[in-house]
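To start, the structure under review is shown below, and the notes come after it.
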Amino acid sequence: MMRLVVLTGAGISVESGLSTFRGPDGLWDGHPIADIASAEGFKANPALVQRFYNRLRRQLDQVAPNPAHEALARLEKTLGIQMHLVTQNIDDLHQRAGSVAVTAMHGDLRKVRHVNTGEVRAWSGDVPESETMWRPHVVWFGERTIGLHSVIEKLSSADMFVAIGTSGTVYPANQFAAVARSAGAVTAQINIDAGGGTFDYAWTGQAATLVPAFVDRVLQQFATSGEPVP
Ligand code: OAD
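For the sequence shown, the tail end lands on 239 under our numbering, and the numbers increase by one without skipping.
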C-alpha cells in the first residue's frame, strides 16, 4: 500500500486571508516572540498573550477554507488511511474543509489548556485577559510538539512527502523531508517561493492554485494505478 504524508504551514491559509509568521507583515513582525510564544512570556504578562491569541481566534470567524484546504480534504476522502495530514497551523481551516485525520502539531486556537492539570478544553470567543490558569492550547518555543512520534512513524513508511506553504525554519517539521527521503519517499514542495530545503520536485506559486492541481494529478494517478504517487 502506498502512503502519502502532507505537511502544511501558514502559506496554505494566505489565500483565506490569514498572515504568515515571518516576513514584513508576518505575525511575528514587531513582536518579541519570547513575549507571546513562550511559557515564560505567559507568566510574565498573561494579558498580553491572551490578547494576542484572542485576536487570532477572532480572525477565524472572518475567514473560510480556500481551494487548497478543500483539495486536501477531497484527497483524504479518496485515499483514506493512505494519506495523513500534518499541519503546523493553529487555525481550524483544514478541519472546516472536511479533513479528518489531521495532526495539529502546534496546537489549536479553538482550544485552551490548564497550566497545572494539562486538561484541554474546546473554546470559542475571547479568553478573559485576566485569565492565568487557562492558556492557549498552542505549542510555544521550547515546548514539545503534539503527535510527533506517530508522525515520524508515518514518515518512515511514506512513499511520498509534500510540504505546502511552510518556510522550513522551525524544528522538527523542517526535518520531515529528510526523514521521509531516508525512508525512500519522493519529496515535493508547493510554495510561493523556491525557498530553502531540498525536494525532488518544487511547485512554485500560490497554494490555492497549485494544491488543487497537485491533488487532481495524484487522484488521476491513483485511479489508473491504485498508487497515490504522481
Ligand atoms: P512561515 O511564516 O515561516 O512561512 C510561510 C511560508 O509560506 C513561506 O515559505 C512563504 O513563502 C509561503 N507562502 C506565503 N504565501 C503563500 C501562498 N499564497 N502559497 C503558498 N505558499 C505561500 O510559516 P510556517 O512555516 O508555517 O509556530 O511557520 C512554522 C511555525 O513557525 C508556525 O507554526 C509557528 C511559527 O513560529 C508556532 O507558533 C508554534
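Even glycine gets a Cβ: it sits at the ideal position worked out from N, Cα and C.
The Cβ-Cβ distance between D101 and L81 does not fall below 8 Å. Distances from the CB of V72 to the heavy atoms of the ligand OAD are all 7 Å or more.
With a cutoff of 7 Å, A186 does not count as near the ligand OAD, since its C-beta is closer than that to no heavy atom of the ligand. Per DSSP, the continuous alpha helix (DSSP H) segment holding A82 begins and ends at P76 to L88. Between E140 and P55 the beta-carbon gap is near 7 Å, inside 8 Å, which marks them as a contact.
Excluding residues up to 5 positions away in sequence, A46, S47, A48, G50 and F51 lie with their Cβ nearer than 8 Å to the Cβ of W149 in the same chain. Per DSSP, L157 has no beta-bridge partner at all. DSSP, reduced to helix, strand and coil, places F208 outside both helices and strands of the structure shown, so it counts as coil. Contact check for N63 against V136 passes: the beta carbons are separated by less than 8 Å. Burial is judged here by how many other beta carbons sit within 10 angstroms of a residue's own beta carbon; I21 has at least 16 and is buried. Two segments are said to touch when three or more pairs of C-beta atoms, one from each, lie closer than 8 Å; by this definition the segment 73 to 87 touches the segment 222 to 231. Within the chosen limit of 7 Å, the ligand OAD reaches the beta carbon of Q97 through at least one heavy atom. Sequence-distant Cβ neighbours of V147 in its own chain, meaning closer than 6 Å and more than five residues away, are I99 and G116.
Straight-line measurement puts the Cα of M11 at about 10 Å from the Cα of A194. R226: not part of any beta strand (DSSP E); member of the alpha helix (DSSP H) spanning A216 to S234, first to last residue. The ligand OAD approaches A46 closely enough that one of its heavy atoms is under 7 Å from the residue's Cβ.
Using a Cβ-Cβ distance cut-off of 8 Å, the segment 121 to 137 and the segment 160 to 179 are not in contact, since fewer than three pairs of beta carbons, one from each stretch, lie closer than that value. The beta strand (DSSP E) runs lying completely inside the segment 112 to 141 and spanning 3 residues or more are 116 to 123 and 129 to 131, given in chain order.
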